[in-house]
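K.L.:
Below, the structure written as structure tokens:
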């Protein structure tokens, strides 16, 4: 094995050992109900995209089973609308990003939601929440300055 191949193998092995981190960042201006909805929508999609993050089923002493939950936790942080857009842009190259555009809470019709997002692009699109999954150190650097949503 060449020195370069050995080095790449070591890098790949080290990356595989690093635990993943999952965070959701919500627009700090949202009312609690809207913020909860935005975080739930993002979490649902993150769970679908990263099913390996779901832990083993929980079992009571009598054998009653409950679905597995995420064992690494999901901090919910807050940011301004501008910070959400910047975070999304910075994160795209470093981790998986699930974003929830503001149009998602403007209608209950998914077709209308699709049309509203399709009519915009780039900076014209604003976000209610952003979910990130990736290496712990990279996610930490991206969201280190954000406080918990309270």
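Residue numbers (the numbering used here): -19 to 130. Positions of the beta carbon are idealized from the N, C-alpha and C atoms, including for glycine.
#1: Excluding five sequence neighbours on each side, which residues of the same chain lie with their C-beta closer than 8 Å to the C-beta of residue 7?
#2: Between the C-alpha atoms of residue 67 and residue 47, what's the straight-line distance to the nearest angstrom?
#3: Which first and last residues belong to the alpha helix (DSSP H) in which residue 10 is found?
#4: Would you call residue 128 buried or exposed, if buried means 16 or more other Cβ atoms sit within 10 Å of its Cβ?
#5: Could you please give the first and the last residue of the uninterrupted beta strand (DSSP E) stretch that includes residue 80?
#6: Going by DSSP in three states, residue 102 sits in which element: helix, strand or coil?
#7: Could you say which of 33, 92, 90 and 69 lies nearest to residue 103 if we only look at CA atoms?
#8: On the DSSP letters alone, give me the boundaries of the beta strand (DSSP E) that residue 53 sits inside.
#9: Taking buried to mean at least 16 other C-beta atoms within 10 Å of its own C-beta, is residue 71 buried or exposed?
#10: From this set, 44, 11, 0 and 39, which residue's C-alpha is nearest residue 31's C-alpha?
#11: Along the chain, where does the beta strand (DSSP E) containing residue 108 start, and where does it finish?
#12: Given a cut-off of 9 Å on the beta-carbon distance, is the pair residue 81 and residue 56 in contact?
#13: Quick test of your reading: residue 51 and residue 35, contact by CB under 8 Å. State the CB separation rounded to the nearest angstrom.
#14: Rounding to the nearest angstrom, what Cα-Cα distance links residue 93 and residue 111 in this structure?
#15: In terms of residue numbering, what span does the alpha helix (DSSP H) encompassing residue 66 cover?
P.N.:
The answer reads as follows:
#1: Cβ neighbours of residue 7 beyond the five flanking positions: 15, 18, 58, 59, 60, 61, 64, 107, 108 and 109.
#2: Using only the alpha carbons, I get a separation of about 32 Å.
#3: Where residue 10 is concerned, there is no enclosing alpha helix (DSSP H), given that its DSSP letter is neither H nor E.
#4: Burial state of residue 128 is exposed, judged by a 10 Å Cβ sphere holding fewer than 16 other Cβ atoms.
#5: Here the beta strand (DSSP E) through residue 80 covers 76 to 81.
#6: If DSSP states are grouped into helix, strand and coil, residue 102 belongs with the helices.
#7: The residue with the shortest Cα to Cα distance from residue 103 is 69.
#8: No beta strand (DSSP E) holds residue 53; DSSP gives it neither H nor E.
#9: Here residue 71 is buried, its C-beta having at least 16 other C-beta atoms within 10 Å.
#10: Minimum Cα distance to residue 31 is reached at 0.
#11: Run containing residue 108: 107 to 115, per the beta strand (DSSP E) assignment.
#12: Residue 56 sits away from residue 81, with the two beta carbons spaced by 9 Å or more.
#13: That pair is a contact at about 4 Å.
#14: Going by the C-alpha atoms only, they are around 19 Å apart.
#15: Element bounds for residue 66: 61 to 71.
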